[in-house]
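Enquirer:
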Amino acid sequence: MVKTIEWVNGKVRMLDQSRLPVSVSYVTCKDYIKVAEGIKKLWIRGAPAIGIAAAMGVALGAQKIKANNFERFYKALQPVFSAILSTRPTAVNIEWAVNRLKNLLMSNRNLSIPKLKSLLIEEANKILVEDIEINKAIGRWGAQFIKDGDTVITHCNAGSLATGGYGTATAPMRVAVEQGKKIKVIADETRPVLQGARLTAWELMKDGIPVTLITDNSAAALMKRGEINLAIVGTDRTARNGDVANKIGTYSLAILCKEHGIPFYVAAPLSSIDFSIPSGEFIPIEERNGKEVTHISGCRIAPHGVKVRNLAFDVTPAKYVTAIITEKGAFSPKDLHKLQRSNTGLNSIRIKQKGPCRWK
Ligand code: MRU
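Per this note's numbering, the sequence shown starts with residue 383, numbered consecutively.
#1: Tell whether a beta-carbon distance below 9 Å holds between Ala712 and Gly616.
#2: Classify Ile516 as helix, strand or coil using the three-state DSSP reduction.
#3: Using a Cβ-Cβ cut-off of 7 Å (strictly less than) and excluding sequence neighbours within five positions of Trp389, which residues of its own chain qualify?
#4: For a quick check, are the C-beta atoms of Ala473 and Leu459 less than 9 Å apart?
#5: Go ahead and label Val394 buried or exposed: buried means 16 or more other beta carbons lie within 10 angstroms of its beta carbon, across all protein chains shown.
#6: According to DSSP, is Trp478 part of a helix, a strand, or is it coil?
#7: Looking at the strands, I want to know which residues DSSP matches up with Cys411.
#8: CB-CB under 8 Å to Ile637, same chain, minus the five flanking residues each way: which ones, in chain order?
#9: Taking the alpha-carbon positions, what's the Val511 to Ile495 distance?
#10: Decide if Ile733 is buried, meaning its Cβ has at least 16 other Cβ atoms within 10 Å, or exposed.
#11: Go through the stretch 675–721 residue by residue and report every complete run of the beta strand (DSSP E) that reaches 3 residues or more, in order.
#12: Ile434 and Gly562 look like a contact to me (Cβ under 8 Å); what is the Cβ gap, rounded to whole Å?
#13: Classify Met555: buried if its beta carbon has 16 or more other beta carbons within 10 angstroms, exposed otherwise.
#14: Give me the Cβ distance between Leu402 and Trp523, rounded to the nearest whole Å; I'm assuming they're in contact under 8 Å.
#15: Whole angstroms is fine: what's the gap from Leu721's alpha carbon to Ser600's?
#16: Under a Cβ-count criterion, where at least 16 other Cβ atoms within 10 Å of its own Cβ denotes burial, should Lys742 be classed as buried or exposed?
#17: Using a Cβ-Cβ cutoff of less than 8 Å, which residues in the same chain neighbour Tyr414 once the five nearest sequence positions on both sides are dropped?
#18: Classify Gly549 as buried or exposed, calling it buried when 16 or more other Cβ atoms lie within 10 Å of its own Cβ.
#19: Would you mind stating whether Val534 and Ile614 have Cβ atoms separated by less than 9 Å?
#20: Shortest alpha-carbon distance to Pro744 belongs to which of Asp717, Leu693, Lys710?
#21: Helix, strand or coil for Ala558, going by three-state DSSP, please let me know.
#22: Ends of the alpha helix (DSSP H) at Arg491?
#23: Check whether the Cβ of Leu586 sits closer than 8 Å to any heavy atom of the ligand SAH, and report yes or no.
#24: Below 8 Å, is the gap between the Cβ of Asp398 and the nearest heavy atom of the ligand MRU?
#25: Out of Glu663, Gly428, Ile432, point me to the one whose CA is closest to Ala418's CA.
#26: Taking 6 Å as the limit between beta carbons, can you name the residues of its chain near Lys385, skipping five residues before and five after?
#27: Closest to Ile706 by C-alpha separation, out of Arg622, Arg573, Ile447, would be which residue?
#28: Could you give the C-beta distance for Ala429 and Asp618, rounded to a whole number, given that I count them as a contact under 8 Å?
#29: For the ligand MRU, is there any heavy atom lying closer than 8 Å to the beta carbon of Thr545?
#30: Kindly indicate the opening and closing residues of the alpha helix (DSSP H) around Phe646.
#31: Pro715 and Gly376 - do their beta-carbons sit closer together than 9 Å?
#32: DSSP three-state call for Leu612: helix, strand or coil?
#33: Beta carbon of Ala540: closer than 8 Å to some heavy atom of the ligand MRU?
#34: Mind checking whether the beta-carbon of Lys629 lies closer than 8 Å to any heavy atom of the ligand MRU?
#35: Between Ala540 and the rest of its own chain, which residues show a CB-CB distance below 7 Å, the 5 nearest in sequence each way excluded?
#36: Check whether the Cβ of Val384 lies closer than 8 Å to any heavy atom of the ligand MRU, and answer yes or no.
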């Protein structure tokens with residue numbers, strides 16, 4: 383499995399996913415500002431992967447702080463937290479990771495500053511290692527839904543590249559293959575950034591999992607022909623009621639599944655479930671630069687001056703979701719709230735939203 387991100391000799395090294403599959407190149411970040419830039423520019427993307435990057439960014443930012451007591455150290459960390467938290471709004475994993483490090487600092491405030499700095503590095507690496515184990519558990523729970531001979535459709539990239547490794551939506555597929563099931567995967571190309579074409583197709587081919595690439599608008603026709611048995615997608619943030627934010631186009635895919643009687647599964651580590659919000663209308667939806675829509679690989683494909691909306695994510699209402707597959711098991715969306723206590727209370731220190739919100 384290709385390494386998405388790692389801590390090497392006091393720096394953060396990330397695979398530049400914006401260049402895949404044309405070139406496999408890495409960016410070495412010497413400071414947290416570079417990590418934040420990497421998250422914004424999609425060098426690293428996918429909810430769990432940007433959670434790991436957020437933790438490593440904070441750990442990196444902490445190393446350069448000169449402070450002789452906890453209060454000064456924590457105060458000096460505030461711009462680091464802000465820079466990382468303001469990168470991308472939809473994936474809750476960023477807040478989850480930053481909160482985990484804040485909690486760690488708070489509960490070890492009596493330790494020396496050098497010790498706190500190394501604790502942050504250790505914790506960021508721990509989040510990476512745990513993520514792979516969590517994905518494998520999602521895979522074990524999810525593989526039961528894939529039968530020998532099935533064709534699975536997926537949207538965007540919720541694979542190894544979107545995580546520390548193994549992937550979330552791809553985990554049940556990987557386990558099914560390990561169990562000897564003959565399966566096929568259909569990857570939606572995923573306009574406008576083409577994560578399906580550039581990333582999912584690339585990583586599954588590399589791992590020898592049969593994959594066929596389609597345009598996003600082909601899914602209905604293939605479903606009508608009986609060529610798709612189930613859908614599995616990832617999530618950036620799932621609300622307490624099971625409403626699922628994921629890459630733009632996921633909602634349409636879910637409606638198509640409902641219409642054709644095809645089960646629609648969401649692979650969601652607990653770090654992507656936001657128990658503090660009651661429903662999907664509270665999820666901030668990132669809107670990205672219109673150039674992602676008007677250009678492909680730097681080439682203009684739309685007239686100069688055309689107005690563009692570029693929502694990066696949509697929210698699939700819980701009623702379209704057959705089950706949410708977590709590391710603790712697969713749950714009907716209406717039972718998701720029962721998992722709240724397993725989430726280790728890490729969402730507890732985030733500021734509660736007062737009402738439905740939009741990212742500015
Ligand atoms: O804009 P991206 O590429 O970060 O969007 C990624 C997705 O929508 C993934 O499906 C989601 O983060 C889940 S990744 C396991």
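For glycine and all other residues, C-beta sits at the position ideal for the given N, C-alpha and C.
Expert: Let me lay it out:
#1: no
#2: helix
#3: Met438, Ile503, Ala506, Asn507
#4: no
#5: buried
#6: helix
#7: Val394
#8: Tyr702
#9: 25 Å
#10: For Ile733, the predicted structure reports a pLDDT of 32, less than 50, and the residue's modelled location is therefore unreliable. A value from the coordinates is still provided. Looking at its Cβ environment, which holds fewer than 16 other Cβ atoms inside 10 Å, Ile733 is exposed.
#11: 695–698, 705–708, 711–713
#12: Incorrect: roughly 31 Å between the Cβ atoms, too far for contact.
#13: buried
#14: At roughly 29 Å, the Cβ-Cβ gap does not stay under 8 Å, so Leu402 and Trp523 are not in contact.
#15: 36 Å
#16: Only weak support exists for where Lys742 lies, its pLDDT of 28 falling under 50; the value from the coordinates is given anyway. When all chains shown are included, Lys742 counts as exposed.
#17: Gly439, Val440, Leu442, Gly443, Val462, Ala465, Ile466
#18: buried
#19: yes
#20: Here the chain covers residues 383 to 742 and nothing more, so residue 744 does not appear.
#21: helix
#22: No alpha helix (DSSP H) contains Arg491, which DSSP labels as neither H nor E.
#23: The ligand SAH is not among the ligands present in this structure, which contains only the ligand MRU.
#24: no
#25: Ile432
#26: none
#27: Arg622
#28: 5 Å
#29: yes
#30: Looking at the DSSP string, Phe646 is not in any alpha helix (DSSP H); the run it does join, the beta strand (DSSP E), is 646–649.
#31: Any question about residue 376 goes unanswered here, given that the chain covers just 383 to 742.
#32: strand
#33: yes
#34: yes
#35: Gly428, Gly549, Thr550, Ala551, Thr552, Val615, Gly616, Ala649
#36: no
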